[in-house]
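**Q** I have a structure I would like to understand better, so I am pasting it below and will then ask my questions one at a time.
There are 2 protein chains.
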Amino acid sequence: MAGRRPTVYDVARQAGVSIATVSFAFRRPAEVRAETREAVLRAAQEIGYVPSASARGLAQRRTGALGLHSFEYLLDRPQGLTEGAVPLQVADLDLDQDVVSWDQLGPGAVSGPAAFPLYVDEVQRGFELEARRHGRPVLVGRSAESGGDVTETAGRVDGLAIFPGRAAERLVREVRLHMPVVVFGSPPDDDPHHHVLADNRGGARELVRHLVTVHGLSDLAFVGSQAPWDLRERFFGMRGELEALGLPAPDEVCDDTDLVDGATFDGVRALVTSGRLPHALVCGSDQVALAVLELLAREGVRVPEDIAVTGFDGILAGRLGAVPLTTVAQPMEAMGRVAVHLLMGAGDEGGRVVRLGTRLQVRRSCGCSRPPTS
Amino acid sequence: MAGRRPTVYDVARQAGVSIATVSFAFRRPAEVRAETREAVLRAAQEIGYVPSASARGLAQRRTGALGLHSFEYLLDRPQGLTEGAVPLQVADLDLDQDVVSWDQLGPGAVSGPAAFPLYVDEVQRGFELEARRHGRPVLVGRSAESGGDVTETAGRVDGLAIFPGRAAERLVREVRLHMPVVVFGSPPDDDPHHHVLADNRGGARELVRHLVTVHGLSDLAFVGSQAPWDLRERFFGMRGELEALGLPAPDEVCDDTDLVDGATFDGVRALVTSGRLPHALVCGSDQVALAVLELLAREGVRVPEDIAVTGFDGILAGRLGAVPLTTVAQPMEAMGRVAVHLLMGAGDEGGRVVRLGTRLQVRRSCGCSRPPTS
DNA sequence: TTGTACGCGTTATCAT
DNA sequence: ATGATAACGCGTACAA
Numbered sequence: 001m002a003g004r005r006p007t008v009y010d011v012a013r014q015a016g017v018s019i020a021t022v023s024f025a026f027r028r029p030a031e032v033r034a035e036t037r038e039a040v041l042r043a044a045q046e047i048g049y050v051p052s053a054s055a056r057g058l059a060q061r062r063t064g065a066l067g068l069h070s071f072e073y074l075l076d077r078p079q080g081l082t083e084g085a086v087p088l089q090v091a092d093l094d095l096d097q098d099v100v101s102w103d104q105l106g107p108g109a110v111s112g113p114a115a116f117p118l119y120v121d122e123v124q125r126g127f128e129l130e131a132r133r134h135g136r137p138v139l140v141g142r143s144a145e146s147g148g149d150v151t152e153t154a155g156r157v158d159g160l161a162i163f164p165g166r167a168a169e170r171l172v173r174e175v176r177l178h179m180p181v182v183v184f185g186s187p188p189d190d191d192p193h194h195h196v197l198a199d200n201r202g203g204a205r206e207l208v209r210h211l212v213t214v215h216g217l218s219d220l221a222f223v224g225s226q227a228p229w230d231l232r233e234r235f236f237g238m239r240g241e242l243e244a245l246g247l248p249a250p251d252e253v254c255d256d257t258d259l260v261d262g263a264t265f266d267g268v269r270a271l272v273t274s275g276r277l278p279h280a281l282v283c284g285s286d287q288v289a290l291a292v293l294e295l296l297a298r299e300g301v302r303v304p305e306d307i308a309v310t311g312f313d314g315i316l317a318g319r320l321g322a323v324p325l326t327t328v329a330q331p332m333e334a335m336g337r338v339a340v341h342l343l344m345g346a347g348d349e350g351g352r353v354v355r356l357g358t359r360l361q362v363r364r365s366c367g368c369s370r371p372p373t374s
Numbered sequence: 001m002a003g004r005r006p007t008v009y010d011v012a013r014q015a016g017v018s019i020a021t022v023s024f025a026f027r028r029p030a031e032v033r034a035e036t037r038e039a040v041l042r043a044a045q046e047i048g049y050v051p052s053a054s055a056r057g058l059a060q061r062r063t064g065a066l067g068l069h070s071f072e073y074l075l076d077r078p079q080g081l082t083e084g085a086v087p088l089q090v091a092d093l094d095l096d097q098d099v100v101s102w103d104q105l106g107p108g109a110v111s112g113p114a115a116f117p118l119y120v121d122e123v124q125r126g127f128e129l130e131a132r133r134h135g136r137p138v139l140v141g142r143s144a145e146s147g148g149d150v151t152e153t154a155g156r157v158d159g160l161a162i163f164p165g166r167a168a169e170r171l172v173r174e175v176r177l178h179m180p181v182v183v184f185g186s187p188p189d190d191d192p193h194h195h196v197l198a199d200n201r202g203g204a205r206e207l208v209r210h211l212v213t214v215h216g217l218s219d220l221a222f223v224g225s226q227a228p229w230d231l232r233e234r235f236f237g238m239r240g241e242l243e244a245l246g247l248p249a250p251d252e253v254c255d256d257t258d259l260v261d262g263a264t265f266d267g268v269r270a271l272v273t274s275g276r277l278p279h280a281l282v283c284g285s286d287q288v289a290l291a292v293l294e295l296l297a298r299e300g301v302r303v304p305e306d307i308a309v310t311g312f313d314g315i316l317a318g319r320l321g322a323v324p325l326t327t328v329a330q331p332m333e334a335m336g337r338v339a340v341h342l343l344m345g346a347g348d349e350g351g352r353v354v355r356l357g358t359r360l361q362v363r364r365s366c367g368c369s370r371p372p373t374s
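Chains as they are written, first to last, in the UniProt record's numbering: chain A, 1 to 374; chain B, 1 to 374.
So this is what it looks like as structure tokens:
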């Protein structure tokens with residue numbers, strides 16, 4: 001199994017031909033005599049020859065793969081955002097036993113439904129499916145927030161899609177890659193990249209309209225950091241719709257918690273303690289909303305009876321809790337597919353901006369008892 | 001953005017040094033004078049230099065990446081197994097609009113919860129997380145059942161994990177790759193590969209014990225193709241436990257439907273039509289069980305009142321249906337992590353076999369009303 | 001149809 | 001500390 005990997009030279013020698021013939025036998029089978037081709041393929045099979053993508057990529061100046069790189073900050077949390085279970089440490093296991101029992105694995109044996117699949121994962125699925133349709137392997141790279149190793153991923157692919165994460169927007173703008181690049185959910189600047197994003201403002205407006213006109217709620221508060229561009233957009237959308245409906249709109253978010261380690265939600269806590277709850281907490285993302293739901297449950301605040309809570313994204317976890325989450329769904333799989341489509345599009349130089357529509361997903365947390373759509 | 005990718009030569013010229021110095025500046029920063037290093041890095045940044053993984057891989061004889069290849073047969077089904085919604089066709093979209101509305105995207109806008117994440121996806125997540133921990137990018141390759149392009153993936157990585165899928169077991173046994181290989185859920189043959197699998201027999205036995213001793217069910221029928229090795233193991237486990245409990249065990253499965261296009265479940269249908277239902281349908285996998293649940297619902301058979309139904313795997317979709325599925329959970333994330341661990345293990349030549357324990361997941365479909373565990 | 005020879009961009013081994 | 005140069009394995013133009 002180990003040992004040096006066989007090369008065309010080995011195959012050529014084995015088959016009694018030249019390396020060019022070996023290459024031809026693989027790349028243009030039609031242009032080589034049948035029996036030579038057979039001999040070559042058999043020789044290759046026998047010695048376990050696998051063409052080196054490195055050498056091929058070098059010769060052709062293209063790797064053939066597409067890349068997806070995400071800057072993540074909270075990964076590797078088996079049970080979800082707020083519960084801090086420790087991920088499985090494989091090195092600590094004794095793998096030589098007959099059976100490694102479930103109990104030895106601990107909570108990291110399976111990915112908790114609150115931790116997977118998140119937004120990134122669902123977009124990634126679309127990316128993988130569309131790449132497969134084009135016969136392209138996908139290289140998945142992930143790095144900690146603002147880590148510089150995008151280049152590690154970029155060096156391996158012909159085109160790259162990037163999740164800028166929470167604070168890496170600037171980094172992305174400065175990156176100057178000589179290949180097509182798609183950036184998800186970041187501001188459509190005058191950079192040379194393609195942008196794929198959801199209609200954040202439109203989605204937020206539709207959500208607010210629902211809360212106001214269907215449920216008669218008027219005092220809405222926004223929860224979520226304003227650092228990421230897309231969350232800012234959602235806040236603006238909320239304000240815009242409130243104003244359009246002739247209601248007062250808050251100037252500031254009521255809580256700018258970012259979902260880093262030990263998210264405290266001081267703003268929300270303050271509201272709860274003061275006893276002066278708004279009618280609804282409009283959260284910047286599902287992950288924020290789920291954490292807020294957990295907090296409220298601990299504090300004895302009932303949702304939706306005492307207060308409505310909404311999210312944004314449409315991740316699966318929002319359906320699973322005790323209180324199913326009303327949210328604005330993004331077309332996540334579609335976003336991944338569109339990214340691949342753009343990366344494969346040869347001619348189009350410039351940075352195209354593709355904005356995809358959202359869909360209001362009404363569930364229980366806004367006060368709807370029998371949701372029209374699941 | 002386009003144009004030739006800059007190389008070390010370009011950087012060298014720009015910085016007024018030799019290519020060796022450029023290489024050193026990146027790889028052994030300590031061994032180069034501070035100001036030259038600065039100059040080099042600045043030059044690289046300016047012209048957008050990204051090291052070519054192909055060239056590096058060629059020179060070092062290793063790519064640095066790990067691969068995960070799956071042979072799949074049913075992919076790209078946005079809404080799940082039995083409903084045949086068409087996946088999104090990106091090419092048909094007009095991406096130049098202001099906003100591409102949700103309705104134009106159709107059902108393929110998001111991955112249906114019955115289609116994602118499936119078994120493979122959850123294992124893949126563990127694989128990605130563990131690979132990230134080791135600083136390794138992951139190459140995801142997928143091919144249609146029995147497609148030969150494993151080599152496409154293998155040529156790009158230093159180690160490869162393979163899902164042999166439903167019928168590609170033989171293919172995997174014949175593959176002779178000169179790198180560490182992990183095979184998921186296939187028989188631990190005398191091949192040179194590592195094997196990572198769940199305790200299929202043990203899990204099935206625990207499940208059957210529950211059905212018999214807790215619910216008093218004695219007439220159990222197995223549903224699922226016996227082509228895949230792991231499903232055979234589960235059937236054997238069921239028979240073994242029945243015999244151990246002094247009950248008659250069926251010689252054959254009652255339905256050997258494989259989940260290919262238009263899975264018909266003739267065996268199950270026959271049972272329903274005949275009106276002589278067994279006490280329980282023990283399904284070979286969650287996906288089979290979910291399809292069976294759907295079929296029974298259409299036929300007006302109530303679960304668990306008229307018949308119990310169980311699955312195997314523990315995928316998320318099993319929790320989401322109208323009748324939450326009792327199943328045997330595999331430690332999917334852990335399996336992916338262990339695979340990476342084995343691939344990174346340098347010395348160990350031979351094929352190790354790691355068998356991970358399962359856990360009975362009791363929900364409603366077996367007749368339990370208040371499940372002890374969720 | 002098949003063989004020879006060069007280039008792809010990087011690393012690493014020498015000299016200097 | 002830095003520069004010249006030889007691999008690395010494959011594709012391909014060109015020669016035979």
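Using N, Cα and C, we set each Cβ at its ideal position, and we do this for glycine too. What you are looking at is a predicted structure, and each value in this text was computed from that prediction instead of being measured.
Please give me, in chain order, every unbroken run of the alpha helix (DSSP H) with length at least 4 that falls completely inside the stretch 232-318 of chain A.
**A** Fully enclosed alpha helix (DSSP H) runs of 4 or longer: 266-274, 286-299.
**Q** Tell me whether Ala291 of chain B is buried or exposed, calling it buried when 16 or more other Cβ atoms sit within 10 Å of its Cβ.
**A** It is buried - the Cβ of Ala291 of chain B has at least 16 other Cβ atoms within 10 Å.
**Q** Chain A partners of Arg28 of chain B, CB-CB under 8 angstroms?
**A** In chain order: nothing, as chain A lies at least about 17 angstroms away.
**Q** Would His193 of chain A be called buried (16 or more neighbouring beta carbons within 10 Å of its own) or exposed?
**A** Buried is the call here.
**Q** In terms of alpha-carbon separation, which member of A:Asp191, A:Val362, A:Ser365, A:Pro331 lies closest to Val100 of chain B?
**A** Out of A:Asp191, A:Val362, A:Ser365, A:Pro331, A:Pro331 has the C-alpha closest to the C-alpha of Val100 of chain B.
**Q** Report the residues of the stretch 188-215 of chain B with a CB closer than 7 angstroms to any CB of chain A, ordered along the chain.
**A** The residues in question are Pro192, Asp199, Gly202.
**Q** Let's test the definition: count the other Cβ atoms within 10 Å of the Cβ of Phe235 of chain B and tell me whether it reaches 16, buried, or not, exposed.
**A** Classification of Phe235 of chain B: buried, given that the 10 Å Cβ count is 16 or more.
**Q** Take Gly141 of chain B as the anchor and find which of B:Leu41, B:Ala65, B:Asp219, B:Arg176 has the nearest alpha-carbon.
**A** Of B:Leu41, B:Ala65, B:Asp219, B:Arg176, the residue nearest in Cα terms is B:Ala65.
**Q** Could you name the residues of the same chain whose beta carbon sits closer than 7 angstroms to that of Ala31 of chain B, not counting the 5 residues immediately before and after it, in chain order?
**A** Inspection of the sequence shows that residue 31 of chain B is occupied by Glu rather than by Ala. Within the same chain, Glu31 of chain B has close Cβ partners Phe24.
**Q** My guess is that Ala289 of chain A and Met238 of chain A are in contact by the Cβ rule of under 8 angstroms, so how many angstroms apart are they, rounded?
**A** 14 angstroms between Cβ atoms; not a contact.
**Q** Determine the closest residue to Gly314 of chain A out of B:Ala109, B:Ile315, B:Leu129, with distance taken between C-alpha atoms.
**A** Of the listed residues, the one whose Cα sits closest to Gly314 of chain A is B:Ala109.
**Q** Identify which residue in A:Val253, A:Asp230, A:Ala12 has its Cα closest to the Cα of Asp219 of chain A.
**A** Measuring from the Cα of Asp219 of chain A, the nearest candidate turns out to be A:Val253.
**Q** Using 10 angstroms around the beta-carbon of Arg134 of chain A, count the other beta-carbons present and answer buried if the total reaches 16, otherwise exposed.
**A** Checking the displayed sequence, the identity of residue 134 of chain A turns out to be His instead of Arg. Exposed: under 16 other Cβ atoms inside 10 Å.
**Q** Could you tell me which of B:Gly155, B:Gly106, B:Ile162, B:Pro107 sits nearest to Phe127 of chain B, measuring between CA atoms?
**A** It is B:Ile162 whose Cα lies nearest to the Cα of Phe127 of chain B.
**Q** Does the separation of the CB atoms of Asp287 of chain A and Thr326 of chain A fall below 8 angstroms?
**A** Going by the sequence as given, residue 287 of chain A is Gln instead of Asp. No, Cβ-Cβ distance for Gln287 of chain A and Thr326 of chain A is not below 8 angstroms.
**Q** By Cβ distance, which residues of its chain are closer than 8 angstroms to Gln226 of chain B, with the 5 residues on each side in sequence left out?
**A** Closer than 8 angstroms at the Cβ level, and outside the excluded window around Gln226 of chain B, lie Arg232, Phe235, Val253, Asp256.
**Q** I need the boundaries of the alpha helix (DSSP H) containing Arg355 of chain B, first residue and last residue.
**A** Counting along the chain, Arg355 of chain B falls outside any alpha helix (DSSP H), though it belongs to the beta strand (DSSP E) covering 353-356.
**Q** Residues of chain A with CB under 7 angstroms from Ser285 of chain B, in chain order?
**A** By Cβ distance, chain A contributes nothing, its closest Cβ being about 16 angstroms from Ser285 of chain B, past 7 angstroms.
**Q** Please confirm whether Glu233 of chain B has its beta-carbon closer than 8 angstroms to some beta-carbon of chain A.
**A** Closer than 8 angstroms: no.
**Q** Does the Cβ-Cβ distance between Ala55 of chain B and Val11 of chain B come in under 8 angstroms?
**A** Result no, Cβ atoms of Ala55 of chain B and Val11 of chain B do not sit closer than 8 angstroms.
**Q** Anyone know if the C-beta pair for Leu160 of chain B and Thr151 of chain B falls short of 8 angstroms?
**A** No, the pair does not count as a contact, with Cβ atoms beyond the cut-off.
**Q** I want to verify the contact list: residues of chain A whose CB lies under 7 angstroms from the CB of Ser54 of chain B, in sequence order.
**A** In chain order: Ser54, Gly57, Leu58, Thr63.
**Q** Among residues of its own chain, excluding the 5 on either side of Gly185 of chain B, which ones have a beta-carbon nearer than 6 angstroms to its beta-carbon?
**A** Once the five neighbours on either side are set aside, the close Cβ partners of Gly185 of chain B are Leu197, Asp230.
**Q** Using the beta-carbon of each residue, which ones in chain B are nearer than 8 angstroms to Thr358 of chain A?
**A** Per Cβ cutoff of 8 angstroms: Trp102.
**Q** By alpha-carbon positions, which one of B:Leu177, B:His178, B:Asn200 ends up nearest to Pro188 of chain B?
**A** With distances taken between Cα atoms, Pro188 of chain B lies closest to B:Asn200.
**Q** Is Pro6 of chain B near Ile47 of chain B, with beta carbons less than 8 angstroms apart?
**A** Yes, the Cβ-Cβ distance between Pro6 of chain B and Ile47 of chain B is below 8 angstroms.
**Q** Assess, as a yes-or-no matter, whether the stretch 12-23 of chain B is touched by the stretch 301-312 of chain A under the definition of 3 or more beta carbon pairs within less than 8 angstroms.
**A** Short answer: they don't touch.
**Q** Taking the CB atoms as reference points, tell me whether residue 394 of chain A and Arg276 of chain A lie closer together than 8 angstroms.
**A** Lying before the first or after the last residue shown, residue 394 of chain A is absent from chain A, which here runs from 1 to 374.
**Q** Where DSSP assigns a beta bridge to Phe24 of chain A, which residues make up the other side?
**A** Partner(s): none; Phe24 of chain A has no beta bridge.
**Q** Can you name, in chain order, every residue of its own chain whose Cβ lies under 6 angstroms from the Cβ of Ser369 of chain A, other than the five neighbours on each side?
**A** Once the five neighbours on either side are set aside, Ser369 of chain A has no close Cβ partner at all.
**Q** Around the Cβ of Asp98 of chain B, are there at least 16 other Cβ atoms within 10 angstroms (buried) or fewer (exposed)?
**A** Answer is exposed; the Cβ neighbour count stays below 16.
**Q** Under a CB-based cut-off of 8 angstroms, is Arg142 of chain B close to chain A?
**A** Closer than 8 angstroms: yes.
**Q** Is the beta carbon of Pro117 of chain B closer than 8 angstroms to that of Leu343 of chain B?
**A** No; because the gap between Cβ atoms is not below 8 angstroms, this pair is not in contact.
**Q** Taking only the alpha-carbon atoms, compute the straight-line gap between Asp96 of chain B and Val123 of chain A and give it to the nearest angstrom.
**A** Taking the straight line from one Cα to the other gives about 21 angstroms.
**Q** Unbroken alpha helix (DSSP H) runs of length 4 or more, entirely within the stretch 23-109 of chain A: which are they?
**A** Within the stretch 23-109 of chain A, the complete alpha helix (DSSP H) runs of at least 4 residues are 34-47, 53-60, 102-105.
**Q** Taking 8 angstroms as the threshold (beta carbon to beta carbon), is Glu38 of chain A in contact with chain B?
**A** No, because no Cβ of chain B sits closer than 8 angstroms to the Cβ of Glu38 of chain A.
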